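So the protein sequences, as listed, match chains A and B. According to my numbering, the residues represented by the first sequence are 392 to 779, in order. According to my numbering, the residues represented by the second sequence are 392 to 779, in order. Report on the following structure.
2 protein chains.
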Amino acid sequence: MRNFVYQNTTKIIFGKGTEAEVGEYTKKHGSKVLLHYGGGSIKKYGTYDKVVESLNKAGIEFVELGGVKANPRLDLVKEGIEIIEKEDIDFILAVGGGSVIDSAKAIAVGHYYDGDVWDFFEGKEKIKKALPIGTVLTIPAAGSESSSSCVITKMDGQLKRSINTNLIRPRFAIMNPQITYTLPDYQTAAGAADIMAHIMERYFTNVDNVELTDRLCESALKTIITNTPKVLENNEDYNARAEIMWTGSIAHNNLLDTGRIGDWASHGIEHELSGIYDVAHGAGLAVIFPAWMDYVYQHDLERFAQFAVRVWDVDPDFKDLEWTAEQGIKKLKEFFVSIAMPLTLKELDIPADRLEEMAEKAVQNGPQGNFVKLDKEDVLNIYKSVLE
Amino acid sequence: MRNFVYQNTTKIIFGKGTEAEVGEYTKKHGSKVLLHYGGGSIKKYGTYDKVVESLNKAGIEFVELGGVKANPRLDLVKEGIEIIEKEDIDFILAVGGGSVIDSAKAIAVGHYYDGDVWDFFEGKEKIKKALPIGTVLTIPAAGSESSSSCVITKMDGQLKRSINTNLIRPRFAIMNPQITYTLPDYQTAAGAADIMAHIMERYFTNVDNVELTDRLCESALKTIITNTPKVLENNEDYNARAEIMWTGSIAHNNLLDTGRIGDWASHGIEHELSGIYDVAHGAGLAVIFPAWMDYVYQHDLERFAQFAVRVWDVDPDFKDLEWTAEQGIKKLKEFFVSIAMPLTLKELDIPADRLEEMAEKAVQNGPQGNFVKLDKEDVLNIYKSVLE
Numbered sequence: 392m393r394n395f396v397y398q399n400t401t402k403i404i405f406g407k408g409t410e411a412e413v414g415e416y417t418k419k420h421g422s423k424v425l426l427h428y429g430g431g432s433i434k435k436y437g438t439y440d441k442v443v444e445s446l447n448k449a450g451i452e453f454v455e456l457g458g459v460k461a462n463p464r465l466d467l468v469k470e471g472i473e474i475i476e477k478e479d480i481d482f483i484l485a486v487g488g489g490s491v492i493d494s495a496k497a498i499a500v501g502h503y504y505d506g507d508v509w510d511f512f513e514g515k516e517k518i519k520k521a522l523p524i525g526t527v528l529t530i531p532a533a534g535s536e537s538s539s540s541c542v543i544t545k546m547d548g549q550l551k552r553s554i555n556t557n558l559i560r561p562r563f564a565i566m567n568p569q570i571t572y573t574l575p576d577y578q579t580a581a582g583a584a585d586i587m588a589h590i591m592e593r594y595f596t597n598v599d600n601v602e603l604t605d606r607l608c609e610s611a612l613k614t615i616i617t618n619t620p621k622v623l624e625n626n627e628d629y630n631a632r633a634e635i636m637w638t639g640s641i642a643h644n645n646l647l648d649t650g651r652i653g654d655w656a657s658h659g660i661e662h663e664l665s666g667i668y669d670v671a672h673g674a675g676l677a678v679i680f681p682a683w684m685d686y687v688y689q690h691d692l693e694r695f696a697q698f699a700v701r702v703w704d705v706d707p708d709f710k711d712l713e714w715t716a717e718q719g720i721k722k723l724k725e726f727f728v729s730i731a732m733p734l735t736l737k738e739l740d741i742p743a744d745r746l747e748e749m750a751e752k753a754v755q756n757g758p759q760g761n762f763v764k765l766d767k768e769d770v771l772n773i774y775k776s777v778l779e
Numbered sequence: 392m393r394n395f396v397y398q399n400t401t402k403i404i405f406g407k408g409t410e411a412e413v414g415e416y417t418k419k420h421g422s423k424v425l426l427h428y429g430g431g432s433i434k435k436y437g438t439y440d441k442v443v444e445s446l447n448k449a450g451i452e453f454v455e456l457g458g459v460k461a462n463p464r465l466d467l468v469k470e471g472i473e474i475i476e477k478e479d480i481d482f483i484l485a486v487g488g489g490s491v492i493d494s495a496k497a498i499a500v501g502h503y504y505d506g507d508v509w510d511f512f513e514g515k516e517k518i519k520k521a522l523p524i525g526t527v528l529t530i531p532a533a534g535s536e537s538s539s540s541c542v543i544t545k546m547d548g549q550l551k552r553s554i555n556t557n558l559i560r561p562r563f564a565i566m567n568p569q570i571t572y573t574l575p576d577y578q579t580a581a582g583a584a585d586i587m588a589h590i591m592e593r594y595f596t597n598v599d600n601v602e603l604t605d606r607l608c609e610s611a612l613k614t615i616i617t618n619t620p621k622v623l624e625n626n627e628d629y630n631a632r633a634e635i636m637w638t639g640s641i642a643h644n645n646l647l648d649t650g651r652i653g654d655w656a657s658h659g660i661e662h663e664l665s666g667i668y669d670v671a672h673g674a675g676l677a678v679i680f681p682a683w684m685d686y687v688y689q690h691d692l693e694r695f696a697q698f699a700v701r702v703w704d705v706d707p708d709f710k711d712l713e714w715t716a717e718q719g720i721k722k723l724k725e726f727f728v729s730i731a732m733p734l735t736l737k738e739l740d741i742p743a744d745r746l747e748e749m750a751e752k753a754v755q756n757g758p759q760g761n762f763v764k765l766d767k768e769d770v771l772n773i774y775k776s777v778l779e
């Protein structure tokens, strides 16, 4: 186990009806609020009305900025930064999924910086301060509601880049599983794939003696594997929705990587896909993660065998760890198929013509991954292995 | 799953040599410090010197108060409160195990209260404010380093009572597993029993549909079960020490009871033992917890069967859940015996003559337990069942 520092200060307010408390929680942190959200779904299904009612009840003034898209864009972030300045706003309330929260985080750090906020995403500038933010989560997937990370897409150049700092952890995250009843099945499944990917990125490590966090990761994976089919069967299964929602936060709040170093190649490789083709991040990960596994599993058969046995209940063949390891990857692919997630670029309508360019971009700041270092050729091989 | 609010703000600084950073972390929160500790072991093994060196290096003025005993006493707490006032101290640094940290927590809340600090422990007064505290942990057991709870013993009346508030969570917890190398085996084992008890108190719940937290509890238990024998075999097994130390915090930082209601009867029943006989809390729990299980397991055979199968790898007999459940309790007892923990009051040198009085005190604020409500008669039966 490696030395580590861990702190997560986000207050989680979890359960039925909790969105009605958003006004009271917001009041503790701000007086004038940017209400940030995405498209029409929060209005269509009543979440918007409940949030506005709660804000009004608490006497909180707010300015709205909707229109966040999946794979949130730098342009809207800049618009947000301008509004904050013009309207003298001191708190951002993000009502939505990871895209809305990430957009809010980028606005929060951009507010205190005179230059182009994109500088942070290119590593040109260090983040020193951020406006406080809070969130009412509507999609369990990205884990952004209590994470220290944020991913933004710059359309000019089709670049998807991230920042990571404790300064952007939300002050509070309100999580009502009932709000997720109306998610389309595809989004539920892509969310599950995203959550699993967050756990697996941490799981595949070269750090030895990480038993507790290994087991916590396995627990979180099993919970998603059990509950996702239940939710796809019955969209209003409160308990299964609740398990997925809470696991989605645990998966990405940094507890699971205490003392270890995660891999993160699959995320990097996938970001190039969703940067150009605007596919759902979770769906992209369902394609890339098993492909990455096929490409690297020989690097540590024991770890992949453990994954197979403990997560997928594979009976180990101790004389054939390679076979054992392969069964785990196979089970993961079967699971993704069972929840209607893609396993090929073709299913995402991604053609072969820009693979080279994506591989190039994926390694432009150095090789991808910590478990196994991948150069451009490796990334290209992984893309090619799942073309169709 | 029940609605819940969860926040744990303690910063964990974990790993080799981290005690050298205590001065820098302390500096962020206070300018004049009460250095609080127990007996001679921190001086004997060099931790005291390292902490003092780090405080001096950071230019921090401090006043010392040593002498905290296992099952920390109200008298010393009061002495601490007086010193704080007299010396104008603004931060408490607890170097030790749960007893030292709990003593510091009680001083921290007592400082802002004009009346008798014991009022908080009797529920007569609500805690509104506390001095900030930090800790260098030397014994993994109580989980007090990032918990919201604190247990103090009042010798007059031999009462052991607790308080619980987020206000007393330490600002930081420095945890170097190397510091635990010198723990006597008995203390290591009692610590393991205490950690397991914290998890099991949360595990045995009547709340349905708590899959993620069930699995997280099982993970934490398995980690203690694997690593405690390793440490008893080799006191300087860093990795095993690290697993136990980090699990000890996770076990009691409230993550594992998100969405559920724990039982806590065993803790209540044990407190009467250690209140009067001053036994190690973990050793007392090793006696009481299996006895409690024997007394209540019929209440939910499915949960006890799950405990047996998932934690102890018992092969379930689905046609005989009672047998299956019993195997788990049997394995727990065997484990405690294997790490030289007692299973009877006799082994703790506790005679039969005050059982009635202890049972009476255990229920003086109402029945014990949430999983099964236990009245005085039940508590007495549990004591009697493990007399010898």
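No residue lacks a Cβ here, since even glycine has one placed at the ideal position from N, Cα and C. Here the structure is a predicted model, which means the values were calculated and not measured.
Per DSSP, the bridge partner or partners of residue i
i, result
"A/Ile-428", "With the sequence shown as reference, residue 428 of chain A is identified as Tyr, and Ile is not the correct amino acid for it. A/Val-486."
"B/Gln-759", "B/Leu-765"
"A/Ser-540", "A/Asn-555"
"A/Phe-563", "A/Lys-402, A/Gly-525"
"A/Phe-395", "B/Phe-405"
"B/Leu-550", "B/Lys-545"
"B/Lys-423", "B/Glu-452"
Close Cβ partners of residue i (< 8 Å) along its chain, the five nearest in sequence each way excluded
i, result
"B/Ile-472", "Ile-498, Gly-501, His-502, Val-508"
"A/Val-816", "The structure shown does not extend to residue 816 of chain A, since chain A spans only 392 to 779, so no value can be given for it."
"A/Ser-422", "Ile-451, Glu-452, Asp-481, Phe-482"
"A/Lys-724", "Pro-681, Leu-734"
"B/Ala-521", "Lys-496, Ala-499, Val-500, His-502, Tyr-503, Thr-556, Leu-558, Ile-559"
"A/Glu-513", "Arg-552"
Residues near residue i in its chain [Cβ-Cβ closer than 6 Å; skip 5 each side]
i, result
"B/Asp-654", "Glu-592, Phe-595, Gly-760, Asn-761, Phe-762"
"B/Ser-445", "Ala-411, Val-413, Gly-414"
"B/Thr-529", "Gly-487, Gly-488, Ile-570"
"A/Thr-409", "Ile-565, Asn-567"
"B/Arg-701", "Glu-609"
Residue i, enclosing alpha helix (DSSP H) - first and last residue
i, result
"B/Val-728", "712-729"
"B/Ile-475", "465-478"
"A/Thr-638", "629-641"
"B/Lys-517", "Here B/Lys-517 belongs to no alpha helix (DSSP H), and DSSP marks it neither H nor E."
"A/Tyr-594", "576-594"
"B/Ala-750", "746-753"
"B/Pro-620", "602-624"
"B/Pro-681", "672-687"
"A/Val-413", "413-418"
"A/His-662", "656-668"
"B/Glu-693", "692-697"
Boundaries (first-last residue) of the beta strand (DSSP E) holding residue i
i, result
"A/Val-527", "524-528"
"B/Lys-456", "Looking at the sequence itself, residue 456 of chain B is Leu, so the reference to Lys does not match. Element bounds for B/Leu-456: 452-456."
Nonlocal neighbours in the same chain, by C-beta distance under 7 Å from residue i, ignoring five residues either side
i, result
"A/Asp-547", "none"
"B/Gly-506", "Glu-516"
"A/Ile-518", "Val-500, Phe-511, Ile-554, Thr-556, Leu-558"
"A/Ser-665", "Asn-462, Lys-551, His-672, Gly-675"
"B/Ser-657", "Ala-588, Glu-592, Leu-676, Ile-679, Phe-680, Trp-683"
Report yes or no: do three or more beta-carbon pairs, one from the region 738-746 of chain A and one from the region 625-639 of chain A, lie closer than 8 Å? no
With a cut-off of 8 Å, do at least 3 Cβ pairs link the region 554-566 of chain A to the region 595-605 of chain A? no
Taking 8 Å as the threshold, find out whether the region 436-450 of chain B comes into contact with the region 472-482 of chain B through three or more Cβ pairs. no
Is it the case that the region 639-648 of chain B contacts the region 715-723 of chain B, given that we only count it when at least three CB pairs across the two stretches are under 8 Å? no
Inter-stretch contact (C-beta, 8 Å, three-pair minimum) for the region 690-697 of chain B and the region 566-583 of chain B: no
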